[in-house]
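Residue numbers (this note's numbering): 255 to 841.
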């Protein structure tokens, strides 16, 4: 098992002291708990006469002292359990987040956001519960069970048969329940993934849902996922709930039998009243701990299911190629800051040998420092894929991509991405202040004057002032800003980096024509001043018409390259887009 859960056990190591000290303290408490019924029995056998008062008082003080020591031992155990539980949980969430960040986008998509979300929340909580129960009960419960049986045997071996029979019946019940619940807990967690997926999908598209008045369908889908989860959970709970009443039935039956037989044995002088009371106390202790063991097994069943899911994520190996060596690892054209050489790519793993699955097919181009590359094409032509591959969010299937003369496969991700500042179609702002968001891509924050200058380029400074300045609050996902404001803040954030290459993926889609024109003019001046290279994707020709080089994509293939005027004459696809946007046709 250690080999199977090696990634998980790695997070337990810093808490080895707690894993030893906690159970040891609980074991000490269990020893005291086994002694107390004997002392109580002696008090009963001694009687309550005046002659025995001194013995009773002394024994009571001893019992009180033992109870106090047991309380302190339990407190130590609880502290160890709480410390280990919270620590392991924090470390697991940190490991999971680090692992998820190291995975390729394709791997993250295969896992699914809902699965990863549940793994980092519910699954980690289940493992933490297992850790806590392990420290508190995994040694105490078996020790009291075995110790109680031994003490009962020493008191009256023949009557102990009832404990053996009761324990056997309990174990049969427990194993039957475990067989059913263990597999069902896997299904329960999968259904929880389903709820997370449905809720995330519906909430992220809540505006669309309301715009089309589909709230009822939205509610029905959520209710259906919740109902399926509830049914599975109730089904498991029904089986688990049988354990306690069956245990009580067995325990009470054993007590009735012992009282019945014990009465005869007291009359025969084989047992004393105190011994019978002690024996009954041990029965209660044994079956109470057996019940705890049963609950422990149920909890561990859930914990192991969650542990397997977490382990599955932690064992994922990031999909990235080994650094290339040899002639193809470097490109000796020192003038090209970006160069693509016969690049093909498919989003479908295992389909890369069939051209029909390619999102990009045999794409080649180069871009020199300080130049602007414009990329245009119809929807689904592969424009955004170029940005994703430049950032190495996915691995290419064929060809080579060079940045600063080196293959991106020979660069580590941090080095590569520090050279680029992207602005994606979907804006992402984070809770905090505007200043925090603008400095997100920097090691050291920019001075206020520089932040202001770059916000002015992005046409964002006016509304930043209206919001209260750079220290104005940004709510989660930037929901206190309009779509155009969020997009301009994203552009400003990219401009605030020291990256050589700006990647603009339809960055002005939410801007009006006048604002977009002012931004394009300011960006050109900024790029010349700071010697920045620009890769701009746009569906509007007027946004890229001033580019040094334009690529026209259609169905993943390059159908035209050149400057604006030349493409209007020579590229039918480009001319068709221009005509649709009323920019003139072919002369």
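Just so it is clear, CB atoms sit at the ideal spot from N, CA and C, and this is done for glycine as well.
Alpha-carbon spacing of residue i relative to residue j, whole angstroms
| i | j | result |
| --- | --- | --- |
| residue 396 | residue 546 | 10 Å |
| residue 300 | residue 307 | 9 Å |
| residue 616 | residue 666 | 25 Å |
| residue 424 | residue 418 | 10 Å |
| residue 807 | residue 657 | 21 Å |
| residue 335 | residue 446 | 27 Å |
| residue 722 | residue 716 | 10 Å |
| residue 767 | residue 741 | 14 Å |
| residue 453 | residue 275 | 43 Å |
| residue 664 | residue 823 | 40 Å |
| residue 559 | residue 353 | 20 Å |
| residue 537 | residue 555 | 27 Å |
| residue 749 | residue 619 | 25 Å |
| residue 632 | residue 678 | 17 Å |
| residue 291 | residue 550 | 25 Å |
| residue 500 | residue 416 | 16 Å |
| residue 405 | residue 264 | 39 Å |
| residue 596 | residue 479 | 46 Å |
| residue 729 | residue 432 | 46 Å |
| residue 646 | residue 470 | 41 Å |
| residue 835 | residue 694 | 36 Å |
| residue 270 | residue 277 | 11 Å |
| residue 267 | residue 439 | 27 Å |
| residue 343 | residue 772 | 50 Å |
Cutoff 8 Å; reference residue i; Cβ partners in own chain excluding five residues on either side
| i | result |
| --- | --- |
| residue 280 | 327, 328, 331, 389, 390, 391, 393 and 394 |
| residue 289 | 320 |
Which residues DSSP lists as bridging residue i, in chain order
| i | result |
| --- | --- |
| residue 346 | Beta-bridge pairing links residue 346 to no other residue. |
| residue 323 | In DSSP, residue 323 forms no bridge with anything. |
| residue 661 | 656 |
| residue 675 | 756 |
| residue 728 | 686 |
First through last residue of the alpha helix (DSSP H) which encompasses residue i
| i | result |
| --- | --- |
| residue 483 | 469-495 |
| residue 294 | 270-300 |
| residue 719 | 715-721 |
| residue 830 | 826-834 |
| residue 708 | 702-711 |
| residue 770 | 767-784 |
| residue 263 | 260-264 |
| residue 735 | Run containing residue 735: none; DSSP gives neither H nor E here. |
| residue 797 | 795-798 |
| residue 368 | 367-372 |
Proximal residues to residue i (C-beta, below 7 Å), its chain only, five neighbours per side dropped
| i | result |
| --- | --- |
| residue 357 | 570 and 572 |
| residue 606 | Only weak support is given to the placement of residue 606: the predicted model assigns it a pLDDT of 49, under 50, and the question is left unresolved by the model. |
| residue 622 | 589, 590 and 591 |
| residue 313 | 293, 296 and 297 |
| residue 384 | 553, 554 and 557 |
| residue 509 | 534 and 537 |
6 Å CB neighbourhood of residue i in its chain, flanking five on each side removed
| i | result |
| --- | --- |
| residue 776 | 711 |
| residue 284 | 394, 397 and 398 |
| residue 700 | 750 |
| residue 626 | 788, 801 and 802 |
For residue i, the first and last residue of its enclosing beta strand (DSSP E)
| i | result |
| --- | --- |
| residue 869 | Any answer about residue 869 is impossible in this case: the structure gives the chain only from 255 up to 841. |
| residue 599 | 590-600 |
| residue 626 | 626-631 |
| residue 623 | No beta strand (DSSP E) contains residue 623, which DSSP labels as neither H nor E. |
| residue 790 | 787-791 |
For residue i, three-class secondary structure by DSSP
| i | result |
| --- | --- |
| residue 815 | strand |
| residue 616 | strand |
| residue 606 | Its pLDDT being 49, under 50, residue 606 is placed unreliably in this model, and the value from its coordinates should be taken loosely. Three-state result, residue 606: coil. |
| residue 804 | strand |
| residue 390 | helix |
| residue 526 | coil |
| residue 646 | coil |
| residue 337 | helix |
| residue 571 | coil |
| residue 751 | coil |
| residue 556 | helix |
| residue 379 | helix |
| residue 883 | Residue 883 falls outside the range modelled here, since the chain spans only 255 to 841, and no answer is possible. |
| residue 206 | What is shown of the chain runs 255 to 841, which leaves residue 206 out entirely. |
| residue 845 | A question about residue 845 goes unanswered here, because the residues of the chain that appear run from 255 up to 841. |
| residue 693 | coil |
| residue 680 | coil |
| residue 206 | Given that the chain is displayed from residue 255 to residue 841, the structure contains no residue 206 and the question cannot be resolved. |
| residue 308 | helix |
| residue 329 | helix |
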